[in-house]
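Just so you know, the numbering used here puts 632 at position 407 of the sequence shown, and the rest follows in order with no gaps. We treat Cβ as the ideally placed atom computed from N, Cα and C, and that holds for glycine.
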Amino acid sequence: IVRVEALVSDLVSRKLRFSSNSGNDIQNRLLLQCVSLGLTRTVSFSNHSSLFVCLALSLLTEILPLPRLYGSVFELLPSSGGLKVNEIKEHLDGILFKEAGAVTGVFCNQYVLADEENKNIVENLIWEYCHDIYFGHRKVAMHLKGSDDELLKDFEKITESAFLMVVVFALVVTKHKLSSKFSQEVQTEVSKKILVSFSCIEYFRHVRLPEYMEAIRKVIASVNQNENACTCFVNSMPSYDDLTNGPDQKTKYLWSKDEVQTARVLFYLRVIPTLIEFLPGPVFGDIIAPTMFLYMEHPNGKVARASHSVFTAFMSMGKEPEKVDRVSLKEKLVFHYIQVSLSGYPDITPFEGMASGVVGLVQHLPAGSPATFYCINSLAEKANQLCSEIFTHEADEWKQWQGEPEPSKKLMDLLLRLVFLVDIQVLPNLMKLLAQLITKLPQDAQNIVLNELYSQVADSDDVIRKPMLVSWLQSLSYLCTVASNQSAASKKNKSADPISGGRITANL
Numbered sequence: 226i227v228r229v230e231a232l233v234s235d236l237v238s239r240k241l242r243f244s245s246n247s248g249n250d251i252q253n254r255l256l257l258q259c260v261s262l263g264l265t266r267t268v269s270f271s272n273h274s275s276l277f278v279c280l281a282l283s284l285l286t287e288i289l290p291l292p293r294l295y296g297s298v299f300e301l302l303p304s305s306g307g308l309k310v311n312e313i314k315e316h317l318d319g320i321l322f323k324e325a326g327a328v329t330g331v332f333c334n335q336y337v338l339a340d341e342e343n344k345n346i347v348e349n350l351i352w353e354y355c356h357d358i359y360f361g362h363r364k365v366a367m368h369l370k371g372s373d374d375e376l377l378k379d380f381e382k383i384t385e386s387a388f389l390m391v392v393v394f395a396l397v398v399t400k401h402k403l404s405s406k407f408s409q410e411v412q413t414e415v416s417k418k419i420l421v422s423f424s425c426i427e428y429f430r431h432v433r434l435p436e437y438m439e440a441i442r443k444v445i446a447s448v449n450q451n452e453n454a455c456t457c458f459v460n461s462m463p464s465y466d467d468l469t470n471g472p473d474q475k476t477k478y479l480w481s482k483d484e485v486q487t488a489r490v491l492f493y494l495r496v497i498p499t500l501i502e503f504l505p506g507p508v509f510g511d512i513i514a515p516t517m518f519l520y521m522e523h524p525n526g527k528v529a530r531a532s533h534s535v536f537t538a539f540m541s542m543g544k545e546p547e548k549v550d551r552v553s554l555k556e557k558l559v560f561h562y563i564q565v566s567l568s569g570y571p572d573i574t575p576f577e578g579m580a581s582g583v584v585g586l587v588q589h590l591p592a593g594s595p596a597t598f599y600c601i602n603s604l605a606e607k608a609n610q611l612c613s614e615i616f617t618h619e620a621d622e623w624k625q626w627q628g629e630p631e632p633s634k635k636l637m638d639l640l641l642r643l644v645f646l647v648d649i650q651v652l653p654n655l656m657k658l659l660a661q662l663i664t665k666l667p668q669d670a671q672n673i674v675l676n677e678l679y680s681q682v683a684d685s686d687d688v689i690r691k692p693m694l695v696s697w698l699q700s701l702s703y704l705c706t707v708a709s710n711q712s713a714a715s716k717k718n719k720s721a722d723p724i725s726g727g728r729i730t731a732n733l
């Protein structure tokens, strides 16, 4: 054991000091492989820092050697593509890869016993490895997808094991360092690095791991009350320019097709709502908002919904962000949010995500905000457009409103819901817009909407707006009857008064 420790100590020193492309690289690799396999079969051995670092190097460069394999794909393609497939298949079938779990277990046990200096060295190696495989796999995936899917699947078998290794190691780190033995500064720094590393390997997460969830909870709890740590985490998110420009300028790139990058951004979109209370307004406006709006237009509904959740969390947070030119950041973002959401509805924009954003903004913007007026006007205009399209082309389309709601009915339901949520200053305008919408519907569709309104108003216990709504609803019901009679009469008499519809709106 003493001789092995001396040999390993010398090996670790060389590997950390020099590039792996040295003349003795083959000999060093064989030694790393032998030591890691030997330690998994040793009942017990003394704690030695070099053995711990050796296990880390073996995992990252021999057992799960993704960065090296990624590089070899581009070195020898296209002439030696078959050789690379065989090399990776041989690695998957080899004893080294099959022992990845056992080596990881010994490695994590040694972490607990190692000194702090070597703990820090290994932690940094693991976090750097996460960045390397993110950028490497992103490039390889774009290069191989559609042309060599078999090779890509083999790569992803290795990345799945790499993900498990990183998660198990990160949990051990959190249990050790997120404790009172370490300063708050150390805890937040470690937590931030783990979060960023997890974002890099999110694409490789295919199962729900208890260890993953526990580690996430621990690091978020450590970060989310420190404004500087939250800001640093958000700053680590790829910039808008990075997101929309591929890693290789030679190939055609479409950001929404980049699945590896999308998975990473989705991780940020899910974490940010938990930190949003502690982010300065400018950080949200300058860094988060461009990415949030971009991914609202992503064709994957899960990603788009996450973007809407970020907006909803921002609108709903307690403290008001600092104001710019007398207009709050919240109000400024609403205009673009509504434009993006409605332009993609119903093809891309998920209704549930948009509805949560709209409810959040009408409940948290200042009373009588121009942004709220803009929101309900735009919703009414879109609802009118969709209703006009379906009822013009299909007279019996209203029958679908009785079953599973379709896009126009969903928007109408949202507007009806807002009647009980908007502030009193905005309510009259919303009532007028709704009246204009409802009186244009076919009679059967009118009856469906009026019945829903009757039910909602009857169940309301809002003593301020209920009297207004009762009076309005009675007038609306009467005018719908008048409009229906006029419509029937106009079919018999083409010379009906052309401004009668305007009178109905004026009465309301």
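Measuring straight from C-alpha to C-alpha, what distance separates residue i and residue j?
{"i": "residue 634", "j": "residue 367", "result": "40 angstroms"}
{"i": "residue 666", "j": "residue 616", "result": "8 angstroms"}
{"i": "residue 607", "j": "residue 567", "result": "7 angstroms"}
{"i": "residue 316", "j": "residue 322", "result": "7 angstroms"}
{"i": "residue 502", "j": "residue 387", "result": "33 angstroms"}
{"i": "residue 576", "j": "residue 592", "result": "25 angstroms"}
{"i": "residue 586", "j": "residue 542", "result": "11 angstroms"}
{"i": "residue 392", "j": "residue 288", "result": "16 angstroms"}
{"i": "residue 413", "j": "residue 456", "result": "12 angstroms"}
{"i": "residue 282", "j": "residue 483", "result": "30 angstroms"}
{"i": "residue 329", "j": "residue 394", "result": "8 angstroms"}
{"i": "residue 773", "j": "residue 668", "result": "This structure cannot settle anything about residue 773, because the visible part of the chain is limited to 226 through 733."}
{"i": "residue 306", "j": "residue 298", "result": "Per-residue confidence for residue 306 stands at a pLDDT of 49, beneath the threshold of 50, marking its modelled position as unreliable; the derived number appears in the next sentence. Distance between the alpha carbons of residue 306 and residue 298 is about 7 angstroms."}
{"i": "residue 598", "j": "residue 674", "result": "22 angstroms"}
{"i": "residue 234", "j": "residue 383", "result": "28 angstroms"}
{"i": "residue 237", "j": "residue 334", "result": "19 angstroms"}
{"i": "residue 662", "j": "residue 604", "result": "11 angstroms"}
{"i": "residue 645", "j": "residue 657", "result": "15 angstroms"}
{"i": "residue 478", "j": "residue 466", "result": "13 angstroms"}
{"i": "residue 672", "j": "residue 664", "result": "10 angstroms"}
{"i": "residue 506", "j": "residue 565", "result": "21 angstroms"}
{"i": "residue 254", "j": "residue 354", "result": "18 angstroms"}
Quick check on DSSP: helix, strand or coil for residue i?
{"i": "residue 234", "result": "helix"}
{"i": "residue 247", "result": "Legend: pLDDT at residue 247 = 46, less than 50; position of this residue unreliable, no value from coordinates given."}
{"i": "residue 481", "result": "helix"}
{"i": "residue 553", "result": "strand"}
{"i": "residue 295", "result": "helix"}
{"i": "residue 305", "result": "Residue confidence is low: residue 305 scores 45 on pLDDT, short of 50, so the model does not pin down where it sits. Its coordinate-derived value is still stated next. If DSSP states are grouped into helix, strand and coil, residue 305 belongs with coil."}
{"i": "residue 615", "result": "helix"}
{"i": "residue 434", "result": "coil"}
{"i": "residue 540", "result": "helix"}
{"i": "residue 486", "result": "helix"}
{"i": "residue 320", "result": "helix"}
{"i": "residue 205", "result": "For the chain, the structure presents residues 226 to 733; residue 205 sits outside this window and is missing."}
{"i": "residue 476", "result": "coil"}
{"i": "residue 644", "result": "coil"}
{"i": "residue 470", "result": "coil"}
{"i": "residue 264", "result": "helix"}
{"i": "residue 462", "result": "coil"}
Count the other CB atoms within 10 Å of the CB of residue i; is the residue buried (16 or more) or exposed (fewer)?
{"i": "residue 248", "result": "Low confidence applies here, because residue 248 scores a pLDDT of 43, under 50, leaving its location unreliable; read the following figure in that light. Exposed, because fewer than 16 other Cβ atoms sit within 10 Å of the Cβ of residue 248."}
{"i": "residue 652", "result": "buried"}
{"i": "residue 438", "result": "exposed"}
{"i": "residue 320", "result": "exposed"}
{"i": "residue 408", "result": "exposed"}
{"i": "residue 600", "result": "buried"}
{"i": "residue 649", "result": "exposed"}
{"i": "residue 612", "result": "buried"}
{"i": "residue 520", "result": "buried"}
{"i": "residue 688", "result": "exposed"}
{"i": "residue 453", "result": "exposed"}
{"i": "residue 486", "result": "buried"}
{"i": "residue 396", "result": "buried"}
{"i": "residue 251", "result": "exposed"}
Using beta-carbon positions only, say whether residue i and residue j come within less than 9 angstroms of one another.
{"i": "residue 422", "j": "residue 362", "result": "no"}
{"i": "residue 499", "j": "residue 443", "result": "no"}
{"i": "residue 280", "j": "residue 332", "result": "yes"}
{"i": "residue 470", "j": "residue 512", "result": "no"}
{"i": "residue 347", "j": "residue 336", "result": "yes"}
{"i": "residue 654", "j": "residue 609", "result": "no"}
{"i": "residue 389", "j": "residue 377", "result": "no"}
{"i": "residue 462", "j": "residue 516", "result": "yes"}
{"i": "residue 792", "j": "residue 510", "result": "A query on residue 792 cannot be resolved here, the shown segment of the chain reaching from 226 to 733 and no further."}
Less than 8 angstroms between the CB of residue i and some heavy atom of the ligand MG, yes or no?
{"i": "residue 418", "result": "The ligand MG is not part of the structure shown, which contains no ligands of any sort."}
Worksheet item: If you scan the region 646-711 from start to end, which runs of the alpha helix (DSSP H) of 4 or more residues do you find wholly inside it?
Response: Listed in chain order, they are 652-664 and 668-684.
Worksheet entry | Runs of alpha helix (DSSP H) wholly within the region 376-460 (minimum 4 residues, chain order) | List check, alpha helix (DSSP H) in window: 409-425, 435-448 and 452-460.
Practice prompt. Output the residue ranges of the alpha helix (DSSP H) runs that lie fully inside the region 492-539 and measure 4 residues or longer, sorted by chain position.
Written response: Counting only runs of 4 or more, we get 514-521.
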